[in-house]
Amino acid sequence: MLVVGPNGAGKTNLLEAIHVGAQGFSPRTRAEPRLVRFGAAAARVRLEGTEGGADVRTEVTIAPGAGKEVRLNDVPAASAEELRSRLAALVFVPDRLAVVKGGPAVRRAYFDRMLGRVLPAQAPLPGEYGRALAQRNEALRRTRAGLSSREALEPWTRRVAELGAELDAARARLVALLAPGFSAAAEALGLAGASLGYEERGLPLEELEGRLERDLERGTTGVGPHLRDADVHAGDRELRGFGSQGEQRTAVLALVLSEAAVLAERRGTPPLLLLDDVLSELDAGRRSALLAALPVGGQTLVTATSADALPRGGPEPALLVSVRREGTESLAEAA
Ligand SMILES: Nc1ncnc2c1ncn2[C@@H]1O[C@H](COP(=O)(O)OP(=O)(O)OP(=O)(O)O)[C@@H](O)[C@H]1O
Ligand SMILES: [Mg+2]
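First residue of the sequence shown: 2, per the numbering used here; consecutive thereafter.
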């Protein structure tokens, strides 16, 4: 599906609404009241579709002050998480460039969310590790302040070591699953020799115990997966520091495409892909390559300022939607 319209017409708005309906949250902002139309009391998105042959209906209502209400097949869901575990949607929005360009914390958060989608059994791990780490850090500071004994730290150190090793291994497994598809997608999009890596180091108890004095002094745990990073390279260049804007963009797209391929294989149905403004900065050859790399049999929504963004002679979109601002004159067509 191709969504076209001039700047400010509401293309990203539509894509964001579909994401909220499918996943329960916005890919752009955590400030949910911003999703409500100016002057309105609440926002509601309803989606209807099929997934793996079964009918699916979702409804997400955001009422500032009253919170968020999620329904899945007309039954209230305990949380938005339920939507995420039932439906897969992957998004590319221009600010996702930060996944390659940004600091390690952005990448860790992104890979940990991917972990939840690709290896759902491991979804709670990042949260569990984060909580154990926070408890240990709190215990370190209490011990340093003389409010608690060193013995009281031990259970937290053991828990951090255990969960840290599990999280590190899960991330390495995730990256190993994605890496071949990532290199292939990047290559197809014109970025040769791209690689994705994550070296599993585990978190031995002895390592944590060995640096106890330093950790006590700083009041924080100085080793573990909360400080690790994934490598995104092209040849021997690290794309974060040395990639061009176009190369970083290609790498983010290749990440999305490789995750889509892995999800399609593991779930039996390809995820919904929501690609905002992907075509504008790609040359004609790369645009064709991107369209050819989209998952077969799945749905993809692409936004562009005009239908000319599609390469001539290539596949036509199944649906062309033209959006316009209220009160402005423009063609509204749906084919
Ligand atoms: N809560 C809101 N209520 C009403 N309008 C809003 C709200 N938030 C943003 N807007 C406006 O909606 C309009 C459409 O924005 P949107 O980002 O969807 O445009 P777009 O078609 O993606 O444009 P571009 O081609 O520049 O990316 C903008 O003018 C924006 O200011
Ligand atoms: Mg936009």
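Yeah, the Cβ is synthetic: ideal placement off N, Cα and C, and Gly gets one too. Bear in mind that the values here come from a model prediction, so they are computed numbers and not experimental data.
- One alpha carbon belongs to Thr221, the other to Arg212, and they sit about 11 Å apart.
- Taking 8 Å as the upper bound for CB-CB distance, Gly165 and Leu120 are not in contact here, some 17 Å apart.
- Taking the CA atoms as reference points, Pro65 sits about 46 Å from Arg238.
- By the CB criterion at 8 Å, Leu206 and Arg174 fall outside the cutoff.
- The DSSP assignment places complete beta strand (DSSP E) segments of no fewer than 3 residues inside the segment 128 to 212 at 195 to 198, in order along the chain.
- Ligand 1 never approaches Gly328 closely enough for any of its heavy atoms to be under 7 Å from the residue's Cβ.
- By the 16-neighbour rule on beta-carbons within 10 angstroms, Glu282 is exposed.
- At the C-beta level, Leu134 and Leu168 stay beyond 8 Å of one another.
- The Cβ neighbour count for Pro156, taken over all protein chains shown within 10 Å, is under 16; the residue is labelled exposed.
- DSSP, read as helix, strand or coil, puts Pro272 in coil.
- With contacts defined by Cβ atoms closer than 8 Å, Val253 and Leu98 form a contacting pair.
- Burial of Leu276 is indicated by the presence of at least 16 other C-beta atoms within 10 angstroms of its C-beta.
- By the criterion of a C-beta distance shorter than 6 Å, Ala44 is surrounded in its chain by Leu36, Val37 and Ile63, once the five residues flanking it on both sides are discounted.
- The nearest non-hydrogen atom of ligand 2 is less than 7 Å from the C-beta of Lys12.
- Rounded to the nearest angstrom, the gap between the Cα atoms of Thr270 and Tyr130 is 31 Å.
- Distance from the Cα of Asp278 is smallest, within the candidate group Arg267, Arg268, Leu291 and Pro272, for Leu291.
- Apart from sequence neighbours up to five positions away, no residue of its chain approaches Gly314 with a beta-carbon distance below 7 Å.
- Only residues of its own chain outside the window of five on either side were considered, and among them Leu204, Glu208, Leu209 and Arg212 have a CB closer than 8 Å to the CB of Val224, listed in chain order.
- By the neighbour-count criterion, in which a residue is buried when 16 or more other Cβ atoms sit within 10 angstroms of its Cβ, Ala79 is exposed.
- At least 8 Å separates the beta-carbon of Ala255 from that of Ala170.
- With contacts defined as CB atoms closer than 8 Å, Gly182 and Gly236 fail to qualify as a contacting pair.
- The continuous stretches of beta strand (DSSP E) do not include Leu228, and DSSP gives it neither H nor E.
- Listed in chain order, the non-local C-beta contacts of Arg326 below 7 Å within the same chain comprise Gly9, Ala10 and Gly11, local neighbours out to five positions each way being set aside.
- The Cβ atoms of Leu274 and Gly298 lie no closer than 8 Å to each other.
- Listed in chain order, the non-local C-beta contacts of Gly198 below 6 Å within the same chain comprise Asp232, local neighbours out to five positions each way being set aside.
- Exclusion of the five residues before and after Pro95 leaves Asp277 and Asp278 as the residues of its chain whose Cβ lies within less than 8 Å of its Cβ.
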